[in-house]
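Novice: Taken in sequence, the protein lines are chains A and B.
Last residue of the first sequence? That's 1434 in the working numbering, and every number before it is there in order.
Last residue of the second sequence? That's 123 in the working numbering, and every number before it is there in order.
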Amino acid sequence: GENVEQHPSTLSVQEGDSAVIKCTYSDSASNYFPWYKQELGKRPQLIIDIRSNVGEKKDQRIAVTLNKTAKHFSLHITETQPEDSAVYFCAVTTNTGNQFYFGTGTSLTVIP
Amino acid sequence: NAGVTQTPKFQVLKTGQSMTLQCAQDMNHEYMSWYRQDPGMGLRLIHYSVGAGITDQGEVPNGYNVSRSTTEDFPLRLLSAAPSQTSVYFCASSYREGSQPQHFGDGTRLSIL
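(1) Using a threshold of 7 Å, state whether the C-beta atoms of Y41(B) and L55(B) are closer than that.
(2) Please confirm whether T1415(A) and F1424(A) have their CB atoms less than 7 Å apart.
(3) Which residue wins for smallest C-alpha separation from E1324(A), given the options T30(B), A34(B), G68(B), G61(B)?
(4) Would the stretch 81-92 of chain B count as touching the stretch 26-41 of chain B if we require 3 or more Cβ pairs under 8 Å?
(5) Do you know offhand how far G13(B)'s Cα is from S109(B)'s?
(6) If we ignore side chains and look at the alpha-carbon of each, how far apart do E1378(A) and G117(B) end up?
(7) Could you list the residues in the stretch 1417-1433 of chain A with a C-beta less than 8 Å from some C-beta on chain B, going in chain order?
(8) Considering only C-alpha positions, which residue in the set C101(B), D83(B), S97(B), S103(B) is nearest to G50(B)?
(9) Please report the residue range of the beta strand (DSSP E) in which P93(B) lies.
(10) How far does the beta strand (DSSP E) with G61(B) in it extend, from its first residue to its last?
(11) My assumption, with CB atoms under 8 Å, is that F100(B) sits in contact with L23(B). Please give the rounded CB distance.
(12) Whole angstroms is fine: what's the gap from K1344(A)'s alpha carbon to D1381(A)'s?
(13) Going by beta-carbon coordinates alone, are I1370(A) and I1384(A) separated by less than 7 Å?
(14) Anything in chain B within Cβ reach of G1323(A), meaning under 7 Å, just list it in chain order.
(15) May I have the straight-line CA-CA distance separating T80(B) from A102(B), to the nearest angstrom?
(16) Our contact map puts V1432(A) next to E1337(A) with C-beta atoms below 8 Å; I'd like the distance itself, whole angstroms only.
(17) So, with DSSP's three-state summary, where would you put E1405(A)?
(18) So N1353(A) and S1334(A) are supposed to be a Cβ contact under 8 Å. How far apart are they, rounded?
(19) Is there a C-beta anywhere in chain A that falls below 7 Å from the one on R40(B)?
(20) Considering just the uninterrupted stretch of the beta strand (DSSP E) at R119(B), what are its terminal residues?
(21) Please report whether the beta-carbon of V1353(A) lies at a distance below 7 Å from any beta-carbon of chain B.
(22) Since D116(B) meets chain A, which of its residues come closer than 8 Å, beta carbon to beta carbon?
(23) Compare the Cα-Cα distances from H1398(A) to each of T1387(A), A1392(A), E1405(A), S1350(A) and report the closest residue.
(24) What do you reckon, are the CB atoms on T1402(A) and D1339(A) nearer than 7 Å?
The following block contains the structure:
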């Protein structure tokens, strides 16, 4: 099956700084790469996603970049705010799209 | 639109007991799935379904059964609960298979004593 590695496992930044989380995957046929945010005790919620035919996608303060050759993709959060504090998960689907493989999560703390 | 509804929210079982976790969605989504979330391990796929009458195994299917008799419902059955099945279980759905955003339920926190 797919092998997804996510780094770092914890990340602390000062409010206003940027945060970057990186995931690597093993299956070159993977074609969909979503990012989820999970607040303590809550459900995971999709924040941004990217498909294999696109190299970068932005949504206000959040962006995702994809390097298919190197098989890694990254989440970028700019101008971080305390409400960005949460656990972030990357995910990858197989080429059939039926199975999602999640990274182990990054706990982001934004210090006011 | 309630989205994805899971019941119960909390459950404590004794080793060897069986139970069913319920999941229902009202978005007419074809694809539904079950995950377990353990500390430090992210979410792992247990079983999934691409439509009524069709189910398949995910990454960690042992000890669990599923069925999909309707588009709306996708129950997860624990046949004989073991302490290793203590976890938080999430149900998710998407419009169809093939790289679509998933909508998660609120989760069921299950403890096996």
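Ideal placement from N, C-alpha and C gives every residue a C-beta, glycine not left out.
Specialist: This is what the structure holds:
(1) Locating residue 41(B) in the second sequence gives position 31, counting from the first residue. Locating residue 55(B) in the second sequence gives position 45, counting from the first residue. Going by C-beta atoms, Y41(B) is not nearer than 7 Å to L55(B).
(2) To locate residue 1415(A), count along the first sequence from 1; it is residue 93. To locate residue 1424(A), count along the first sequence from 1; it is residue 102. Cβ atoms of T1415(A) and F1424(A): not closer than 7 Å.
(3) Counting from 1 along the first sequence, the entry for residue 1324(A) is found at position 2. Answer by Cα proximity: G68(B).
(4) yes
(5) Counting from 1 along the second sequence, the entry for residue 13(B) is found at position 3. Counting from 1 along the second sequence, the entry for residue 109(B) is found at position 99. Looking at the two C-alpha atoms, the distance is approximately 19 Å.
(6) In the first sequence, residue 1378(A) corresponds to position 56, counting from 1. In the second sequence, residue 117(B) corresponds to position 107, counting from 1. If I take the Cα positions, the gap works out to 32 Å.
(7) Residues are counted here when their Cβ sits less than 8 Å from a Cβ of chain B; for the stretch 1417-1433 of chain A these are T1418, G1419, N1420, Q1421, F1422, Y1423, F1424, G1425, T1426, G1427, given in chain order.
(8) Here the question's residue 50(B) lines up with position 40 in the second sequence. The residue with the shortest Cα to Cα distance from G50(B) is S97(B).
(9) Stepping through the second sequence from its first residue, residue 93(B) is reached at position 83. Per DSSP, P93(B) belongs to no beta strand (DSSP E) and is neither H nor E.
(10) Here the question's residue 61(B) lines up with position 51 in the second sequence. Element bounds for G61(B): 53-61.
(11) As a working note, residue 100(B) is residue 90 in the second sequence. As a working note, residue 23(B) is residue 13 in the second sequence. Rounded, the Cβ-Cβ distance is 18 Å, inconsistent with contact.
(12) Translated into positions along the first sequence, residue 1344(A) becomes position 22. Translated into positions along the first sequence, residue 1381(A) becomes position 59. Whole-angstrom Cα-Cα distance: 18 Å.
(13) As a first step, residue 1370(A) is located in the first sequence; it is residue number 48 there, counting from the start. As a first step, residue 1384(A) is located in the first sequence; it is residue number 62 there, counting from the start. Contact: yes.
(14) Within the first sequence, numbered from 1, the residue matching residue 1323(A) stands at position 1. Those within 7 Å of G1323(A) in chain B are E69.
(15) As a first step, residue 80(B) must be located in the second sequence, where it is residue number 70. As a first step, residue 102(B) must be located in the second sequence, where it is residue number 92. Going from the Cα of T80(B) to the Cα of A102(B) covers about 15 Å.
(16) Working through the first sequence from its first residue, we reach residue 1432(A) at position 110. Working through the first sequence from its first residue, we reach residue 1337(A) at position 15. Right, the Cβ-Cβ distance comes to about 6 Å (below 8 Å), so this counts as a contact.
(17) The residue labelled residue 1405(A) in the question sits at position 83 within the first sequence. Three-state DSSP puts E1405(A) in a helix.
(18) Sequence index remark: in the first sequence, residue 1353(A) carries index 31 (1-based). Sequence index remark: in the first sequence, residue 1334(A) carries index 12 (1-based). In this structure N1353(A) does not touch S1334(A) by the C-beta definition: roughly 33 Å separates them, more than the 8 Å allowed.
(19) Reading the second sequence from its first residue, position 30 is the one you call residue 40(B). Here residue 40(B) is Glu; the residue named in the question, Arg, does not match the sequence. With its beta carbon at least 7 Å from every one in chain A, E40(B) lies outside the interface.
(20) Here residue 119(B) refers to the residue found at position 109 when the second sequence is read from its first residue. Per DSSP, R119(B) belongs to the beta strand (DSSP E) from 118-122.
(21) Start at 1 with the first residue of the first sequence, and residue 1353(A) comes out as number 31. A small fix is needed here, since residue 1353(A) is Asn in this sequence, not Val. Cβ-Cβ to chain B under 7 Å: yes for N1353(A).
(22) Position 106 of the second sequence, counted from the first residue, corresponds to residue 116(B). Correct list: K1364, R1365.
(23) Counting from 1 along the first sequence, the entry for residue 1398(A) is found at position 76. Cα-wise, what sits closest to H1398(A) is T1387(A).
(24) Reading the first sequence from its first residue, position 80 is the one you call residue 1402(A). Reading the first sequence from its first residue, position 17 is the one you call residue 1339(A). In contact: T1402(A) and D1339(A) (Cβ atoms closer than 7 Å).
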